[in-house]
Structures are given as structure tokens and as C-alpha cells.
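Worksheet for the structure shown next.
Number of protein chains: 4
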Amino acid sequence: MERIAVLTSGGDSPGMNAAIRAVVRKGHHHGLDVIGVQRGYTGLIQGDFITMELGSVGDIIHRGGTILRSARCEEFRTPEGREKAVSNLQQHGIGGIVVIGGDGSFRGAQHLTALGYPTIGVPGTIDNDIPGTDFTIGFDTAVNTVIQNIDRIRDTASSHERTYIVEVMGRDAGDIALWAGLADGAESILVPEAPYELDDIVERLARGDRRDKKHSIIVVAEGAGNAFEIGKKIKEKTGEETRVTVLGHIQRGGSPSAFDRVLASQMGANAVDLLLAGEHDKMVAIRNNEITAINFDTAFSMKHQPDMSMYDLASILAI
Amino acid sequence: MERIAVLTSGGDSPGMNAAIRAVVRKGHHHGLDVIGVQRGYTGLIQGDFITMELGSVGDIIHRGGTILRSARCEEFRTPEGREKAVSNLQQHGIGGIVVIGGDGSFRGAQHLTALGYPTIGVPGTIDNDIPGTDFTIGFDTAVNTVIQNIDRIRDTASSHERTYIVEVMGRDAGDIALWAGLADGAESILVPEAPYELDDIVERLARGDRRDKKHSIIVVAEGAGNAFEIGKKIKEKTGEETRVTVLGHIQRGGSPSAFDRVLASQMGANAVDLLLAGEHDKMVAIRNNEITAINFDTAFSMKHQPDMSMYDLASILAI
Amino acid sequence: MERIAVLTSGGDSPGMNAAIRAVVRKGHHHGLDVIGVQRGYTGLIQGDFITMELGSVGDIIHRGGTILRSARCEEFRTPEGREKAVSNLQQHGIGGIVVIGGDGSFRGAQHLTALGYPTIGVPGTIDNDIPGTDFTIGFDTAVNTVIQNIDRIRDTASSHERTYIVEVMGRDAGDIALWAGLADGAESILVPEAPYELDDIVERLARGDRRDKKHSIIVVAEGAGNAFEIGKKIKEKTGEETRVTVLGHIQRGGSPSAFDRVLASQMGANAVDLLLAGEHDKMVAIRNNEITAINFDTAFSMKHQPDMSMYDLASILAI
Amino acid sequence: MERIAVLTSGGDSPGMNAAIRAVVRKGHHHGLDVIGVQRGYTGLIQGDFITMELGSVGDIIHRGGTILRSARCEEFRTPEGREKAVSNLQQHGIGGIVVIGGDGSFRGAQHLTALGYPTIGVPGTIDNDIPGTDFTIGFDTAVNTVIQNIDRIRDTASSHERTYIVEVMGRDAGDIALWAGLADGAESILVPEAPYELDDIVERLARGDRRDKKHSIIVVAEGAGNAFEIGKKIKEKTGEETRVTVLGHIQRGGSPSAFDRVLASQMGANAVDLLLAGEHDKMVAIRNNEITAINFDTAFSMKHQPDMSMYDLASILAI
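Note that the protein sequences, when read in sequence, are chains A, B, C and D.
Mapping the first sequence onto UniProt numbering, position 148 (from 1) lands on 148, and the numbers just tick up by one.
Mapping the second sequence onto UniProt numbering, position 99 (from 1) lands on 99, and the numbers just tick up by one.
Mapping the third sequence onto UniProt numbering, position 179 (from 1) lands on 179, and the numbers just tick up by one.
Mapping the fourth sequence onto UniProt numbering, position 122 (from 1) lands on 122, and the numbers just tick up by one.
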């Protein structure tokens, strides 16, 4: 193999740049040319390729987002689109590709493999919802962004002795809500993985009141319900006003945390090693604190499950 | 005067604790007893008073919120409520009171003055919407919170080449939107003080597209329109999706900035000087970079106006 | 067991408060009284005990330092001191104690065990130098503090195209230097665990120059050499000035990261479970991403070793 | 005038990029070509010029440092050097230049004026030590960086009940020390502008001890004494150990604060207006909260003096 490519796809996450840098520098270390594909699968189809020299990834390890940008690509869902992509890769003499993104992006990568093209995935998404890896690149940063902002809300919640409902990202996975809720001592945490009764939430609020708590914070994963509606229902049950904040897109950006920079560096480098070892159709993963690899199919056959012991622990500690 | 009181009222703002500390310490420096009134005017009516020793305000200069807490108080709107308040103050031998809050809180203070009771106001609100002072305590921190979060959004906006609409606080005043928009290079800034045409916004987006800008950010003060509706209208006009984030209550909290800690310290100390000098019915202010005082009535007869030269400048620089 | 105690000892680290909170709340959950011992072993000898109600640990999960404070204690090194300590514990009917601190603190804990007193250790130190656990409470926060500050130095280094030497904590362990160096793309990382040749550093600087790097950053663990002397030697070899910054005590403080808050919560709660299960003379640990426990003696027989694969990776990626 | 140039010189400061952006965008707004000169006066002599299109200053408003870089330049101290500089400017048809930097940089600018060349200065330095302007670009950010780090030190100082000495930048001016000291409630602040007696510091420490303060922080401007020596002397007088941290170069970098971004935008734009109005030999300034201009000679005839009322206030409030 003399030349490899790298792209980012799907929602961006902090640390993607560190992963790109690792692929490029590790590639050069092994004497490879490295090609950057712009805007994910769109650039693959359009042949929007740039040569990545050593200096092209200088001064990006600490920046959020992705210098290669990302985009949705309808055309890649068609056989014609994919054939164009593989044809572009082959014309440029590219022997393998590293796809940094979420599970949607990896299903795209599998289509390339099906056409005989070696791909390695690197899990990058703030949601931590990719099965087969304990952590994804960007998750740690997103949780830290959330808790820094809940810390701010806590100031004003204490001053006014009110209940605040904070909606965080996580359509299918409650990881961000769970970590942030435990880390911020939230009175209630609502995640898609656990059913909840409004009465329990209300009961916890009442208990907090009785022991003279200055404020209550309820963290809601977007997949577990709409924060405004939960607020409305609490009002109906208790007569008490709540305040609602939807953190939104601020969770996707920001300078990556140390953990995400290190994880991204390790995973990006490992992806190059895997390509050089002739591997394909695999995702780099971290499991039990070790960098490893897992077949896409094996990963997809698993179901991501957050550590629900944290859910119980949070409930005990925020009493 | 041997004893003074201090309370915080209205929405909390970062730096209120630094102002409380300044009142307490400056009071003690002049040999005064200082009484803290809890929960604003509610505590005044209920006689919820605590003695503030030197140590009671230790380690709070850097904390958001207010240790004296704040609350709305319907009862204070009645003559009976106010008389109870003054009676409590007199019974405790309190010769004057410092009210830290917004203009609503100062109108309350004026009612005390009308009953013959000396009050001094200290302007604390993130909105910077109090006439008669160039800056209010908490505004600088709120703007910094906003720009740090827009910086995060910028990462993801660049990666996806999208338009983001960010709604910030400011029901009647566009100061936060104006400062944050200029400081963050926002393509468009919508404030209550300036009418806007959707066509201009769309034209600015189109111009950015033509010169290949990677992203566009529109900052909207809540008083200038609903971010979601603006997004919908842009979609109708251009066919392009936008992303909307409402920053919400995170703008009220957080550790105060250096500017707010210094301003709060100066204003709190000045309020004590004014009481000792026999002044009353005045608000401490900063005008032209100088700490001064202004009669409540004079202040209320003015209209707060943000520096609209910043509006024009932002428009030129974000081209 | 009806009553347990908790103390913090040795250098403080961010997350200790979250661990105290977890011990107190988990203890109450199981119907235990929880006693806080002030100033580490000093308070144990002096009987400086406070009852920790549920509310006593409210609003501390996000604060650096330790509300129980910490201190060195010479008297605890004497048999008399220790007997006084155990006697105090027994008089107060305290059936077990959780010691949050570093390995020095755990050796103290072992002395209590030797006197028949059940102790459980929770590893809290920014240095990550405790054998038997992959991570200690406070390490992740310290690394993030370091990289945020190196990011600042990077701005000025780029502007002036200079070499900066940054000394970080780590007398015996290079973990902070290693993580921060990899996370910040440092050109060279000097740790106590790896010998280095000045010529290699100089050669890396020269290589960076040749490929027109805008700046170079050298991260030095304090145990690997004095930053000023390394700067002087580089000057002698190359004629080029360097700039030196010793980050110092800012690394110990700050609001804990999400990782540290979660780890501290899990470890503190686990310590209570262990005491209730009749365990003693053990340290809570995280190994392979799982909370577990390890005998003090087993831990002390091991040698802490940072992941040196990170060292090699950093060297490849910062080329 | 059809073409102007901009350079940054001297120590970099956060907000310089925002100022560059303002010069470029405002220049284009008025139909001017804008040339960027690299590495300050060095680039002027070497003709190291780049054309600054609108997009060249995209996405830099929030970045520390200076994209035009900075360097010391011995050659510019010679008449030959300066003539080369002016000759380069004229050959490129550049009708005026904006110099962003400190007073050393402005003396360089005056030499260009003496050769008949129109120059306008924009004050950029973290030290706030330029006479004639209330604030310089970068000062507000530096003070915020300092207080965020002193907040961290405060955690560990409280936990160990110790005295910390923090040395901050300011060889000739105590502004950073004064603002940070007041903003952080430092027990003592040492600045070059005010003599101090060690006995007073010791007396303040003792007073703090008596009223059971948990920690003491002494902020020292580098021009007011060496932090380590002050620590040694306190040890001699009191027998008590202190801890010393020298914040160093982290104060120069970091994303600029809102205040600095706005100030830089206003000043950069104003500099272009001044050039277009035929002005020269002037520095843009902010005085009494208003953007204005002042002759270099007038500014240099004044002496920068920090607001010493803050010194007295800090002393009263940190009692």
C-alpha cells in the first residue's frame, strides 16, 4: 500500500481533527501518501481530494470540528454513487480508506468493502452510541461542555430556588444525560433506556423541598422526552413553575478534552496500522481501556447500552 | 448610621456576590454592622435577616448567583407589605439599605424612600438595560458566556457549512446580541432597537455563499424575534435549512469575569459611601469609565440605548 | 456497622469533594451515620469530627479542593499518635473509615488496620502515580488544566515562532506530561520513566525548523529535569533562546472534569459498599474500565508505570 | 489612498487578530487594497508582504496570537533599515500603515512618519502600560486568564490553609496585578507603582489567621519583586512556608474576551478611518469609554498610571 485516504462523515465531533492528524502523520511515518477527502462521501464521489502533507495537520489537534468537513450524501445511497467513489479511489491509486464518523458512516464504509475496497472505521460522535466500543471520540468533550453549562445554571437555580430542566443530546442513547447527570448531581435523569414515571420525578422534587434543597436539576436526553412538555406536566402536578434549557448544538463543538485528543490520536494511528496489516471492514475501538479492533458486522450485531449502574448510583447520590 | 442592610432582587447576575462582599466589608471598615436580607423584598417583609460578619462573604467573590438569594414578591406591591418592610428595618435599627438588582428592584427601593427610608441601588442584571449607567454588573460575564458558546457552535457550523441562528437574552435591550454578535463576527445581528428586513438577512447569507464562507451565524436578541420562526422564514425564502440554538439560562450563571468582579466591588463599596454621606434614592453608576451616582428619577427619565455604532460596525466587518 | 468516617489526606485533587459526597450519601442510603474528619490524620488525632448530614455535601460536587481540608501530620508517624486516632474512632463508635488520598495516605491507613481498624482507600491525586489503579481522582482534570494552558502558550509561540518549555507536575510519574504532551502535539516529552538525550531534542527542534514549523513545545515532568536548565542547555547547543513556564499549583485546583466527578462518585460509593461487606485494608481501583478493589499490599508490591506506548505515539505524531 | 498595510509588532496579545480583521474588512469596505506585513518591522524591511482578501481574516476573530506574527528587528533601528522599509512601502504603492503593538512599536512607527510616511498605531499589549489610552487590546483577556488560574490555586490554598504567592506579568505597570488582585480578593497586591513594607504583608497575613481565614493569596507584579524572594522573606519573618507560582507566558495567549474582541474591532476600524482622513502619527485610544485618537508625542509625554483607588479598595475589601 502506498497511498491511503481519510474522510469524516456524519455529525462532527470534537477530536475528529486529532484523528485526522494521527492518520496523516502515522501514514507519513510509514512512508505512505495520505489523501484527504472533503465533505465525506460527497467528496469521494466528486473526487474532491487533497494531498495531506505533514504540515497540513499542524495546529489542529486542539480545534473542534473537522478540517475535512462533513456533509450528508444522498448519491452515495445509490449503487452508481458508490461505484463512482470506488472508481475515484482506484484512479488515484488509493489502497485503503479511514472513515471517521458514526454508525451511519460505517454502513457507508461497508458498501465500499462490498465493492472490494478496504475500509477501517474510527468511531467519532458525541453520542457514544456506537456498539462495540466503550467510548467514541467527542463524547468526553460533550459531557464536559454539558456540565460546565449546568454548573452555570446551578448558580441561578440556587439563587432562585427553582427547578431547572436541561435537555441534552442523545436521540437513541442516554450516555450524555447519564454522565452529565451523575457528574452534576442532577435530582432526576431521564434516558431512553429507562422508563420513568412522572410521579417519581415529582416525588424526588418534593423530597428535595422537604430537606430544604436550594434547587433541583432534571437532565433529559432528547430521546427520553421533550423538556418543555415535562416542565408543563410538572407544573400541572405540582403547581410549580420550572425553567427549561435545551443545550443544543453547543454540545457538538469546542476544543476537545485531553481524553478525546488522546483517544483520537490512538485510534487514528491504529487505523493506519490496520490498513497496513491488510485488515478491512473493521472499526477501531477502545474496550476495557485498550485500543483494539472489531468487525463492523460484529459491532452492528451488538446493542449499545450505557452503564446503567450509573443511573442507580446517581439516584442514590442525589437524594 | 450604625447599621445598614443589603439585599439582592430580581433576576440574579454574576458579580452580585462580589457586590454583597463589597457592601459588607466596606461597611465593617467604617464600623457599621451589616445585615443581609434573604430573598429580596420577601425577606424584608418577613424579617428574614442575618448578620453579615467579615467571614460571611469569604470565598464568594468568584461565584455566580447570589448567596442572599432572590425572589419575586407580590406582597411588596401593596402598601401594607412595604410598611411591614420599613417597620422591620427600623425595629432592627437599620439606617439604610443597599438594593442590588434591576430597574424593577429600584422601583421597589423608591417605595421605601417614599416612606422616608434611605436606599441606594446597585445595578445588577445581565441585560445591561438600566438607563443611567454604561454597564451593569453581570453583563460582561453574560457576553463572554455567549461568545464562548458561539465559538463552539462555529466549529460545527464550519464543519457542515451551515447557517446557525443563536437566540440570546434581551427582551427589551439588544446589548448582549450586539456585543456578542460583533465579538463573534456574526453575519447578522437582530436587536429590538433596529428594524430588520428578512430580505437583508437573506442577501447577506447569499453574499457569504458567493464568497465561499464556510458558515454563517445569526445572533438574535429574544426581543427581536423568535429564532425558530426566523429559521423557518429563511427556509421558505432560500430553501436552505438552518440550525437554531436558544442559549437560555446558561447566560445568567457562571463565575463572574474580572470586569464584573471589579465593577461590583467598586459599586458595592460606593453604595456604602453614599449611605454614609447621607445620600438616598440614588443608583450607583459607571459613566465614561468613572464610578458615580445618579438619582433614580433622573435615571428612569432616560432611555437605555445600546451603542448602535457597534451595529453598523458589525455589519461592515462581517461582510 | 452504624457509623463510618471519611477523611482526605495528602495533596488535594479535583474530585475529592465528589468522593466525600458519595461516601456521605451512600452511607446515609444504607442507614449509616457519617462522620467527617477534618485536616486528615491531624483531625483524627485531635478528634476534630463533624457529623455529615445529607445537606452537608450539597453543592460541592463541582468544586475543587476538599471541604474536609488536608494537612501533613507528623504525630501520626508515632505509635502514640496512631493509638490516639484509633481510640478517638472507637470512642465515637465509628466502625470503619474511608481515606481519600495518595499512597502516603494509604500507608497511614495501613497503620490503622494494623491496630485492628477497618480502612478503605480511595485514590485521589493528580499525579496518577498510585499502583494498582489505571486512574486516580483528579488526574483527568489536571491534564485538562495543563492542555488548556499549553493551548494558550501555543498562541504566543506561533506568533513569535519560538520554542517553549513547559514544566508540569510529576515528581515520580510522567503521566501528566505524557498525556498533556500527546494531547497537545508537543515536539518532545520528558518523563522520569524514559532517559533522554539532549541531542535528540535538539534534532527534533531542527527538524521542525526545516519543515517550517511555526513553534515547538517541550513538555517536561518535574521529575525529569529542571525546565530552566534544559532551556539553558538548548541555548548552549543551538544558540536559540527558549521560553520557560512552570505551571505549578494551578494544576491542583479547578472544577473537576466529568470523568473525575463520575470516577469519584463511583469510588466513594464503592468504598462504603466494601466497608459494609466487612472488607478492609483495600483500595478502590478502576482497572480496565471497571470499578474494583485491591489489597493495599498487592498494590504497593506493584510499580506504577504509565502507558509508554503513548510516548512512542507522541513522538511519531509530532514529527 | 488606494492601498494600506497592517503589521503586528512586539509581544503578541489576544485580540490582535480581531484588530487585523477589522483593518482588512474596513479597508475593503472603503475600496482599499490591504497588505499584510509579516513578522513586524522585519517583514517591512524584507518586503514580506501578502495581499489580504476578505476571506484571509475569516475565522480568526476568536483566536489568540497574531496571524501576521511578530518579531524583534534590530535592523529597523538603523537609518538604512528604515529607508528600506519606506522604500518597500512606496514601491508597493502603499499609502499608509497601521501598526498594532506596544509603545516600542509606536516609536518605530514614528520613525516612518519622520521619513514622511503616514502611520497610525493601535495599542495591543496585555500589560495595559501605554499612556494615553485607558485600555489596551489584550489586557482584559490577560486579567481573566489570571483570575481563572488564581481561582484554581484558591481551591488548593483553602484545602491546605496556606499562603500562596502568585507572580503575574507587568514589569513597569501593575495593572494586571491590581485588577486580578481586586477581582480575586487577594490579601496583598504588590505593584511597581506603590512601595510596600514586608511588615505590612506579614501583618495582613497574621490578621487573616486571627479571623480564621482559610487561605491567603498575594499577587505580585513581576516589576514589584521576585515572588520566590518574597516567599523566602515571609518564611524568615513568620516561620511559615508559602507556595509560589509564576504564571508566565500563559497570560499572553488564549481566545480573546468579548471586551478585547470588541475593542480591537473598533480600534482597527478607526485606524482605517484615520488614514483615510489624512491623519498620521497618531494612536487610536479608548478614553472615558469612547474611541478617539491621540498624537504619539502627546501620548509619550504622559505617564501611564493605573487606577490606584483600586489598590486602596482591594486593601479594604480583603481584610
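Built from N, CA and C at the ideal position, the CB exists for glycine as well.
Opposing strand residues paired with residue i [DSSP bridges]
i, result
"A221 (chain B)", "B:V168"
"R72 (chain C)", "Paired residues: none, contrary to the question."
"R282 (chain B)", "It is worth fixing the name first, because residue 282 (chain B) is Lys in this sequence and not Arg. DSSP lists B:I120 and B:N295 as partners of K282 (chain B)."
"V6 (chain C)", "C:G36 and C:V98"
"R243 (chain A)", "A:Y164"
"Y287 (chain A)", "The sequence given here has Arg at residue 287 (chain A), not Tyr. In DSSP, R287 (chain A) forms a bridge with A:E290."
"S188 (chain C)", "C:I218"
"I20 (chain C)", "Note: I20 (chain C) sits in no beta bridge, so no partner."
"I60 (chain D)", "According to DSSP, which records beta bridges pairwise, I60 (chain D) is partnered with nothing at all."
"I316 (chain C)", "Looking at the DSSP assignment, I316 (chain C) forms no beta bridge with any residue, so it has no partner."
"I137 (chain A)", "A:G124"
Local conformation of residue i per DSSP, three classes
i, result
"G208 (chain A)", "helix"
"I50 (chain D)", "strand"
"I250 (chain B)", "helix"
"I234 (chain D)", "helix"
"I176 (chain D)", "helix"
"I130 (chain C)", "coil"
"H28 (chain A)", "helix"
"L44 (chain D)", "helix"
"I153 (chain B)", "helix"
"L89 (chain D)", "helix"
"K303 (chain C)", "coil"
Chain D contact for residue i (CB, 8 Å cutoff)
i, result
"N149 (chain C)", "yes"
"G254 (chain C)", "yes"
Residue i at chain C interface by Cβ criterion, 8 Å
i, result
"Y117 (chain D)", "no"
"V57 (chain D)", "no"
"H160 (chain D)", "yes"
"D155 (chain D)", "yes"
"R21 (chain D)", "no"
"L32 (chain A)", "no"
"R204 (chain A)", "no"
Own chain, CB closer than 8 Å to residue i, minus 5 neighbours either side, in chain order
i, result
"G223 (chain D)", "G170, R171, D172, A173, G174, V191 and P192"
"I60 (chain C)", "N17, A18, I20, R21 and I67"
"G95 (chain B)", "M1, E2, R3, I4, P118 and L275"
Cβ-based neighbour list, residue i, same chain, cut-off 6 Å, excluding 5 preceding and 5 following
i, result
"A109 (chain A)", "V99, T119 and G121"
"G181 (chain C)", "I189, V219 and A314"
"V244 (chain A)", "I165, A227, F228 and G231"
"F259 (chain A)", "D140"
"S158 (chain A)", "K214 and H215"
"G253 (chain C)", "G64"
Residue-chain proximity (residue i, chain A), Cβ-Cβ < 8 Å
i, result
"L182 (chain C)", "yes"
"D12 (chain B)", "yes"
Beta carbon proximity, residue i to chain B, threshold 8 Å
i, result
"G170 (chain A)", "no"
Close Cβ partners of residue i (< 7 Å) along its chain, the five nearest in sequence each way excluded
i, result
"K237 (chain D)", "L198 and V202"
"N295 (chain D)", "D281 and K282"
"V23 (chain D)", "V6, V34, V98, G268, A271 and V272"
Legend entry - the region 173-181 of chain B / the region 78-85 of chain A touching (three or more Cβ pairs under 8 Å): no
Legend entry - Any 3 or more C-beta pairs closer than 8 Å across the region 196-204 of chain B and the region 130-149 of chain B: no
Inset, instruction - Would you check if the region 180-190 of chain C and the region 214-229 of chain C touch, i.e. whether three or more CB-CB distances between them fall below 8 Å? - result: yes
Inset, instruction - Decide yes or no for the touch test of the region 154-171 of chain D against the region 265-278 of chain C: beta carbon pairs closer than 8 Å, at least 3 of them. - result: no
Inset, instruction - Could you say if the region 3-13 of chain B and the region 33-45 of chain B meet the contact criterion of at least three C-beta pairs nearer than 8 Å? - result: yes
Inset, instruction - Mind the definition here: the region 128-139 of chain A touches the region 297-306 of chain A only if three or more C-beta pairs lie below 8 Å; say whether that holds. - result: yes
Inset, instruction - Determine, using beta-carbon pairs with one atom in the region 39-50 of chain C and one in the region 280-287 of chain C, whether at least three such pairs fall under 8 Å. - result: no
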